[in-house]
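First comes the structure, then the notes that go with it.
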Amino acid sequence: MIKITNDEFRLLANYIKECSGIHLKQEKKALLMGRLTSLVTELQMESFMDFYDYLKKDDEGVVLSKVIDRITTNHTYFMRESEHFGYLQTEVLPFMKSTIKNRDLRVWCAASSTGEEPYTLAMILEDYFGKEIVKWDKKLLATDISLDVLDTAKKGIYMKEKVDSIPKMWVVNYFNKLDTMSYQIKEHMRSQVIYRRFNLLEQNFPFKAKFHVIFCRNVMIYFDNKTKEELINKFYNALEYGGYLFIGHSESIDRNKTQLKYIKPAVYRKV
Ligand SMILES: C[S@@+](CC[C@H](N)C(=O)[O-])C[C@H]1O[C@@H](n2cnc3c(N)ncnc32)[C@H](O)[C@@H]1O
């Protein structure tokens, strides 16, 4: 097995943080070695230093994407932290419906992983607007740094166990059964979500218009405080006044360092 030296760990950890915001403390050395060894071997490299040199030359970020997949979890599921979706339905969408005069609703699911979160949002919006949906110019953007999770998300194919936990009406309305083991999100729902690769560490968010709702859940756990504060500030700028930011329930925002208003656990608003 190829071993990682302290110097190699430091170089790799600094580079990963610089590129993705993911903060690996010294005690994660064994974890990094364990998770990356197979990739280093696959690439037929003899040391982590060779791998580091290779990673630095990876302009397209393809290898970086694989590294991130190995050191973070892509774990997600439909209706995760379901209180958020309840609040969206009962408070946020009625407000947006009555205040967005041009009917142009923009929702961003940042760090969308394999798609369960943006498709949950798509189903909530579809149910909420009902027949009126055709009068709305909705945009549902879903982004992630990982190419692999975006590929899975675009296909929208999920194992039966994942689909079993969601309301039966959703399965009937929004999924096609492929076989005894799997389901696929129907085409008319898949086409509602625009998937793009996007690194939350980008200094400038390239979006032309501001968002009414941003979901960014269970990714900031990997970032240090400074990276988190900068990201929250960028979200603030990317939100419309009156717009909402949802974060993971195990994540927090230092209320002294943001202009966002705390509304309820893991829900903030630009006022
Ligand atoms: C645990 S999943 C969260 C999925 C979903 N938001 C949820 O709460 O269920 C974390 C995701 O963050 C993505 N990620 C990690 N660093 C990122 C970055 N710098 N920019 C964008 N996405 C990132 C990972 O690829 C992964 O898919």
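Under the numbering used here, residues -16 to 254 are what the sequence shown spells out, in order. Heads up, the beta-carbon is just placed ideally off N, CA and C, and yes, glycines get one too.
Here DSSP, grouped into helix, strand and coil, assigns residue 47 to helix. In the DSSP assignment, residue 250 falls outside any alpha helix (DSSP H) and within the unbroken beta strand (DSSP E) covering 250 to 252.
Scanning its chain for C-beta atoms nearer than 6 Å, with the 5 sequence neighbours on each side dropped, one finds around residue 102 the residues 168, in chain order. For residue 55 against residue 98, the beta-carbon gap comes to about 16 Å, at or over 8 Å, which does not count as contact. Taking the C-beta atoms as reference points, residue 16 is found no nearer than 9 Å to residue 51.
Nearest to residue 112 by C-alpha distance, out of 130, 86 and 248, is 86.
In this structure, residue 66 has its beta carbon at no less than 8 Å from each heavy atom of ligand 1. Set against 8 Å, the gap from the CB of residue 60 to the closest heavy atom of ligand 1 is smaller. 94 is the residue among 94, 6, 42 and 81 whose C-alpha sits nearest the C-alpha of residue 231.
Of the candidates 180, 244 and 235, 180 places its Cα closest to the Cα of residue 47. Annotation: the continuous alpha helix (DSSP H) that includes residue 171 extends over 170 to 173.
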